[in-house]
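Report on the structure given below.
Numbering (this note's numbering), first residue to last: 1 to 55.
Following this line, the structure appears as structure tokens:
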């Protein structure tokens, strides 16, 4: 089994708090190794293939 996992989720800012709460409640075990959740703003997403903005 993996020692750690990294998951990235891109969503609208209005949904971020609900998603953070859901993830935290789902993975919580009360251990020091439970991990962290970081919420960061994303200014732009661009498809490399055609240089078009991702929605």
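Note that beta-carbon positions come from the ideal geometry of N, C-alpha and C, so glycine has one too.
Leaving out five residues before and five after residue 49 in sequence, what residues of the same chain have Cβ atoms less than 8 Å from its Cβ?
none
Thinking residue 19 and residue 26 are a contact (beta carbons under 8 Å), I'd like their distance in whole angstroms, please.
Rounded, the Cβ-Cβ distance is 11 Å, inconsistent with contact.
Going along the chain, which residues of its own chain have a beta-carbon closer than 7 Å to the beta-carbon of residue 16, five neighbours each way excluded?
39
On a CA-only basis, which of 42, 44 and 23 is nearest residue 36? Give me that one, please.
23
Could you tell me which uninterrupted alpha helix (DSSP H) segments, each at least 4 residues in length, are contained entirely in the region 5 to 48, listed from first to last along the chain?
13 to 27
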